[in-house]
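J.:
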Amino acid sequence: METNFKHHQSAHCENGVASNLLKHNGLNISEPMVFGIGSGLFFVYLPFLKVNYAPAISYRPMPGLIFNRLAKRLGLKIKRQKFSSEANAVKALDANLKNNIPSGLQVGVYNLTYFPDEYRFHFNAHNLVVYGKTDTDYLISDPVMENVTTLTHEELNKVRFAKGAFAPKGQIYYPIQIPEKVDLKSAIIKGINNTCRDMLAPMPIIGVRGIRLVAGRIRKWPLKHGVKKANHYLAQMVRMQEEIGTGGGGFRFIYAAFLQEAAGILENDTLKELSQEMTIIGDLWRDFAVEASRIYKKRSSKEDAYNTIADQLLDIANKEEVFFKKLKLAIK
Amino acid sequence: MKKEEVPQDKGNLSNKNMKELVYATDENGNYTTALSTGWEPKTIALSNSIDEISERIAIAIAQVKNNEVSPIVYYMEYSRMDIGVLSSYVGMWQWRVKRHFKPKVFRKLNDNVLQKYADAFNISIDKLKNFKTD
Numbered sequence: 000m001e002t003n004f005k006h007h008q009s010a011h012c013e014n015g016v017a018s019n020l021l022k023h024n025g026l027n028i029s030e031p032m033v034f035g036i037g038s039g040l041f042f043v044y045l046p047f048l049k050v051n052y053a054p055a056i057s058y059r060p061m062p063g064l065i066f067n068r069l070a071k072r073l074g075l076k077i078k079r080q081k082f083s084s085e086a087n088a089v090k091a092l093d094a095n096l097k098n099n100i101p102s103g104l105q106v107g108v109y110n111l112t113y114f115p116d117e118y119r120f121h122f123n124a125h126n127l128v129v130y131g132k133t134d135t136d137y138l139i140s141d142p143v144m145e146n147v148t149t150l151t152h153e154e155l156n157k158v159r160f161a162k163g164a165f166a167p168k169g170q171i172y173y174p175i176q177i178p179e180k181v182d183l184k185s186a187i188i189k190g191i192n193n194t195c196r197d198m199l200a201p202m203p204i205i206g207v208r209g210i211r212l213v214a215g216r217i218r219k220w221p222l223k224h225g226v227k228k229a230n231h232y233l234a235q236m237v238r239m240q241e242e243i244g245t246g247g248g249g250f251r252f253i254y255a256a257f258l259q260e261a262a263g264i265l266e267n268d269t270l271k272e273l274s275q276e277m278t279i280i281g282d283l284w285r286d287f288a289v290e291a292s293r294i295y296k297k298r299s300s301k302e303d304a305y306n307t308i309a310d311q312l313l314d315i316a317n318k319e320e321v322f323f324k325k326l327k328l329a330i331k
Numbered sequence: 000m001k002k003e004e005v006p007q008d009k010g011n012l013s014n015k016n017m018k019e020l021v022y023a024t025d026e027n028g029n030y031t032t033a034l035s036t037g038w039e040p041k042t043i044a045l046s047n048s049i050d051e052i053s054e055r056i057a058i059a060i061a062q063v064k065n066n067e068v069s070p071i072v073y074y075m076e077y078s079r080m081d082i083g084v085l086s087s088y089v090g091m092w093q094w095r096v097k098r099h100f101k102p103k104v105f106r107k108l109n110d111n112v113l114q115k116y117a118d119a120f121n122i123s124i125d126k127l128k129n130f131k132t133d
């Protein structure tokens, strides 16, 4: 069986699944719109939590939050189910496919056979859509892939019941109710307000302050942990910022695309200008990644390389603080 | 990022003929999407992580040979797990898993427990019991 689902490639898996599922249900909404309304832009530094033996730095909120916020702000109803038994998880998915409902799934990356080996880590917050089933395979629309793909029944079972942090527990989700008319304008304003609140939060590890804190830590890393570990930490940070999913520059370019689209809908020219400003900030993040990569490639000719990139990061933090204050005013 | 500046470097994706989607601006400054085969700073970051893992695996092999740790440690590193991930795959407390790292304790484990590890690593019990490095 196969549902008439249309695959669109996206930068980030969660936005992509949300956008694709909503498009399938007749609500034409772009990936940047999903990201912006769901307040996907974020920064958090969790030094006490280690991911791949480096302090966790995330450029996005908790998995699932973007779609949930989007649903709340647009008045959609999404059904989410988790399972303790694998058999029930299979049953629920198959029943959905029989009823012509393509379903979003949270899965672990490690056993996704169509990914390049290098990308197969124990990361459990990946999202994809299952839109059909054959005797041996499930038909998969993974939004970060150019084309649709397949997984065997066993393979899908394995990724649905991956273990570790954020274990998916076979989670399945799909929209069950979409209002005829959605109020994009107020949803956009709520989304932007939330992002400004997050990024300007008076918490040392979140948003602009979090970026500043990381800048300070980078200066200390080589002395405190030795060059090898410091380089590993930096490489991990760049991976979080640039790896598949962020659309470049730690989501800044997707966000700029959202602001541009929002400018049209709200008829607000200031947002258009701010979109351009965000693009420039995104480019600064890219520059930061380039400089950081020179360090862990050990090709940096600069004496004081760690301090230089820390300064770069500090500059970004300052620019973003000004930016989000302006953004807050622009939608008042 | 301008559309013409979207990097098309060779990397881990292009080896598998994959491309990722990025957001970039066109000649009028309007946002559009473009496909990228890869970007060097990213490729280096990733290979840095892969090297790190290979190094950990090499250390684990040496330690197993010297009878300092049990083969569980080697397979854990090989499967890119850490103790937290492994303990949730086998459904045992971390302190218990850690105990099984000791060769002395490992040798006394019954097949029931070993099977859990074998399943987590996707190997046979035999392979776990008779550790060979090649």
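Sequences listed follow chains A and B, in order.
Under numbering that gives the first Met the number 0, the final residue of the first sequence carries the number 331; numbering is consecutive throughout.
Under numbering that gives the first Met the number 0, the final residue of the second sequence carries the number 133; numbering is consecutive throughout.
Glycine residues also receive a C-beta, built at the ideal position from the N, C-alpha and C atoms.
The structure presented is a predicted model; accordingly, all values stated were derived computationally and were not measured.
Could you check what DSSP says for Glu145/A in three-state terms: helix, strand or coil?
T.: coil
J.: Use the C-beta contact count for Asn146/A: other C-beta atoms within 10 angstroms, 16 or more gives buried, fewer gives exposed.
T.: exposed
J.: Distance check for Gly10/B and Leu332/A, CA to CA, integer angstroms please.
T.: Missing from the structure shown is residue 332/A; chain A here goes from 0 to 331 and no further.
J.: Taking Asn14/B as the query, report the chain A residues whose CB atoms sit under 7 Å from its CB, ordered along the chain.
T.: Identification of chain A residues near Asn14/B by a Cβ-Cβ cut-off of 7 Å yields Pro115, ordered along the chain.
J.: Looking at the C-beta of Thr24/B, does it have a partner C-beta in chain A at a distance below 8 Å?
T.: Thr24/B counts as touching chain A.
J.: Please report the straight-line C-alpha distance between His125/A and Leu326/A, rounded to a whole angstrom.
T.: 30 Å
J.: Looking at Asn230/A: is its Cβ nearer than 8 Å to the Cβ of Ser48/B?
T.: Going by C-beta atoms, Asn230/A is not nearer than 8 Å to Ser48/B.
J.: Can you tell me where the alpha helix (DSSP H) holding Arg211/A begins and where it ends?
T.: Gly206 to His224
J.: For Asn123/A, which of Asn110/A, Thr133/A and Lys132/A has the nearest alpha-carbon?
T.: Asn110/A
J.: For Leu21/A, which of Ala256/A, Ile264/A, Lys76/A and Arg211/A has the nearest alpha-carbon?
T.: Lys76/A
J.: Please decide whether Asn192/A counts as near chain B, where near means a Cβ-Cβ distance under 8 Å.
T.: no
J.: Tell me the start and end of each unbroken beta strand (DSSP E) in the region 5–63 of chain A that is at least 3 residues and wholly inside, in chain order.
T.: 43–50 and 53–57
J.: Looking at chain B, which residues of the region 244–258 of chain A have a Cβ within less than 8 Å of any of its Cβ atoms?
T.: Gly246, Gly247, Gly248, Phe252, Ile253, Ala255 and Ala256
J.: Check the Cβ of Arg79/B against every Cβ in chain A and list those closer than 8 Å, keeping chain order.
T.: Tyr109, Arg119, Phe120 and His121
J.: Could you spell out the range, first to last residue, of the beta strand (DSSP E) harbouring Gln23/B?
T.: Gln is not the amino acid found at residue 23/B; the sequence shown has Ala there. Looking at the DSSP string, the run of the beta strand (DSSP E) that includes Ala23/B is Glu19 to Thr24.
J.: Tell me which residues of the region 14–42 of chain A have at least one Cβ-Cβ distance to chain B shorter than 9 Å, keeping chain order.
T.: Gly15, Glu30 and Pro31
J.: What three-state label does DSSP hand Ile58/B in the structure shown?
T.: helix
J.: Taking Pro101/A as the reference, give the member of Ser83/A, Glu85/A, Arg119/A and Leu127/A with the closest Cα.
T.: Leu127/A
J.: Grouping DSSP H, G and I as helix and E and B as strand, with all else coil, what is His125/A?
T.: His125/A: strand per DSSP, three-state reduction.
J.: For chain A, check one thing: does any of its Cβ atoms lie closer than 8 Å to the Cβ of Glu39/B?
T.: yes
J.: Less than 8 Å between the C-beta atoms of Leu104/A and Arg159/A, yes or no?
T.: Yes; because the gap between Cβ atoms is below 8 Å, this pair is in contact.
J.: Out of Ser9/A, His6/A, Ala91/A and Gly190/A, which has the shortest C-alpha to C-alpha gap to Gly35/A?
T.: Gly190/A
J.: Look up Lys296/A in the DSSP assignment and say whether it is helix, strand or coil.
T.: coil
J.: Should Leu222/A go down as buried or exposed, given a rule of 16 or more other Cβ atoms within 10 Å for buried?
T.: Leu222/A should be labelled exposed.
J.: Buried or exposed: which applies to Leu328/A, given that a residue is buried once 16 or more other Cβ atoms fall within 10 Å of its Cβ?
T.: exposed
J.: Contact criterion: CB-CB distance below 8 Å. Does Ala288/A meet it with respect to chain B?
T.: yes
J.: Roughly how many whole angstroms lie between the Cα atoms of Ser53/B and Pro62/A?
T.: 29 Å
J.: Taking Cβ positions, are Ser69/B and Phe120/B nearer each other than 8 Å?
T.: no
J.: For the region 40–54 of chain B, list every residue whose C-beta sits within 7 Å of some C-beta in chain A, in sequence order.
T.: Pro40, Lys41, Ile43, Ala44, Leu45, Asn47, Ser48, Ile49 and Glu51
J.: Could you name each continuous alpha helix (DSSP H) segment of 4 residues or more that falls completely within the region 243–283 of chain A, going from the start of the chain to the end?
T.: Listed in chain order, they are 251–265.
J.: Any idea what DSSP makes of Asp8/B, helix, strand or coil?
T.: Coil at Asp8/B, not helix or strand.
J.: Which whole-angstrom value is the C-beta distance of Gly247/A and Arg285/A, which I expect to be below 8 Å?
T.: 7 Å
J.: What three-state label does DSSP hand Gln105/A in the structure shown?
T.: strand
J.: Using the DSSP secondary-structure output, state which residues sit across from Arg95/B in a beta bridge.
T.: Bridge pairing for Arg95/B: absent [DSSP].
J.: Beta-carbon separation of Gly39/A and Asn14/A under 8 Å?
T.: yes
J.: Just the Cα atoms here: how many angstroms apart are Thr245/A and His11/A?
T.: 6 Å
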